[in-house]
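Novice:
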Amino acid sequence: MFAMISVRYRHLGGEYSHLRVNFCSLFFKDTKNMWWDVPMTKACHRLFQVNKTPLDTDLEQAFKSQIQAHYPNKIRELDDSSEWIKLWNAVHLIMLEYFQNHKSSYVRKIKDAIYIYLNLFSCKLDQFAGPEEVRNWKKSEKVIKARHDLWHKMDDDPDSPYTIESILQKVFIEEKLKNKDNIKFGVTVAWMFLDLTYDQIEILSSKVQERMNQWDSNPIIQDWLKGKELFEDDQDDQNNDSEVDQESGVKEIIN
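Heads up, the sequence shown is in numbering that gives the first Met the number 0, so the first residue is 0 and it goes up one at a time.
1) Kindly list the residues whose CB is nearer than 8 angstroms to the CB of Q67, restricted to its own chain and excluding five residues on each side of it in sequence; keep chain order.
2) Please list, in chain order, all residues of the same chain as K206 whose beta carbon is under 8 angstroms from its beta carbon, the five residues on each side excluded.
3) Within 8 angstroms, do at least three Cβ pairs link the region 171-187 to the region 43-58?
4) Using a Cβ distance threshold of 8 angstroms, determine whether the region 29-45 contacts the region 88-107, with at least three qualifying pairs required.
5) Would you please state the rounded distance, in angstroms, between the beta carbons of T162 and Y116? I believe it to be under 8 angstroms.
6) Check this for me: beta carbons of Q65 and P38, under 8 angstroms apart or not?
7) What does a CB cutoff of less than 8 angstroms around N217 pick up in its chain, not counting 5 residues either side in sequence?
8) How should T187 be labelled, buried or exposed, when 16 other C-beta atoms within 10 angstroms of its C-beta is the threshold for buried?
9) Specify, as a first and last residue, the run of the alpha helix (DSSP H) that Q99 falls within.
10) What residues in its chain sit with their C-beta under 6 angstroms from that of F184, if we drop five residues either side in the sequence?
11) Apply the 10 Å Cβ neighbour rule to P157 and answer buried if 16 or more other Cβ atoms are within range, or exposed otherwise.
12) What whole-angstrom Cβ distance do V90 and F62 have, given they're in contact under 8 angstroms?
13) May I ask you to report which of helix, strand or coil DSSP gives K152?
14) So what does Y161 bridge to, in DSSP terms?
15) Count the other CB atoms, across all protein chains shown, that sit within 10 Å of the CB of P130; report buried if there are 16 or more and exposed otherwise.
16) Could you tell me the distance, in whole angstroms, from the CA atom of D286 to the CA atom of Y70?
17) By how many angstroms is the C-alpha of W83 removed from the C-alpha of K169?
18) CB-CB under 6 angstroms to F171, same chain, minus the five flanking residues each way: which ones, in chain order?
19) Please go through the same chain and pick out, in chain order, the residues whose beta-carbon is closer than 8 angstroms to the beta-carbon of D194, but skip the five residues on each side of it.
20) Taking only the alpha-carbon atoms, compute the straight-line gap between D55 and N32 and give it to the nearest angstrom.
21) Give every residue of the same chain whose Cβ lies closer than 8 angstroms to the Cβ of K108, excluding the five residues on either side of it in the sequence, and list them in chain order.
22) If we ignore side chains and look at the alpha-carbon of each, how far apart do W87 and L119 end up?
23) Are the Cβ atoms of I166 and A112 separated by less than 8 angstroms?
24) If you draw a straight line from the C-alpha of D57 to the C-alpha of W35, how long is it?
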């Protein structure tokens, strides 16, 4: 897992090259031999299933919980010394990189699903496009239509799913769509990819988090929430988990 962090340091050179070498010599080792590798990996995996954009405190608590589960005596030793700070400072970087890599994977899946369901493969956006090219792409007739169709049914069949619903179901397995954060993340990324006000080729994690934080005040999202229907698979769970099911479907919004 340490190897993942090296990506961020490959550009270091010249007078800074010794930082990369020292960093690697200290940290880039096979973590499978470390006692904390399993707790860290499980913490990352389980937290990512329910929260794609965790706070540092969420990461730390998830890691501590897994250490508590696997090594209850060890967590007491760490809490009673300064060793926890040293361990956390190192592991924190790995966990951040884990989330960054996995979020990037989901962003790619969402983009691919958008190209498929909104028929945009013939005008696929260049991965190295600059802001002006991104804006022009989003002003094109096909993408304007795609933004409209994103919130509408796939066809005229009353039982047809909404496009955004199909995209989410393509990207997330059914169980993950029971989680409100996954839905927020998926909808936010899909909307940013087509939104004319966002002109970057890369869907930045910081901007995704910023828009997710504005979920309750976003007029487009709120119009969508006011009129949407539940996924059929969620109907049976409505009474048991109303908060999650409340935001797990799609409804046509104002044109």
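Note that beta-carbon positions come from the ideal geometry of N, C-alpha and C, so glycine has one too.
Specialist: The answer reads as follows:
1) I74
2) M191, Y197, Q199
3) yes
4) yes
5) 5 angstroms
6) yes
7) R210
8) buried
9) 82-116
10) K51
11) exposed
12) 6 angstroms
13) strand
14) K152
15) exposed
16) Shown here, the chain extends from 0 to 254; a query on residue 286 therefore has no answer.
17) 40 angstroms
18) N181
19) K137, R146
20) 25 angstroms
21) K169, V170
22) 44 angstroms
23) yes
24) 17 angstroms
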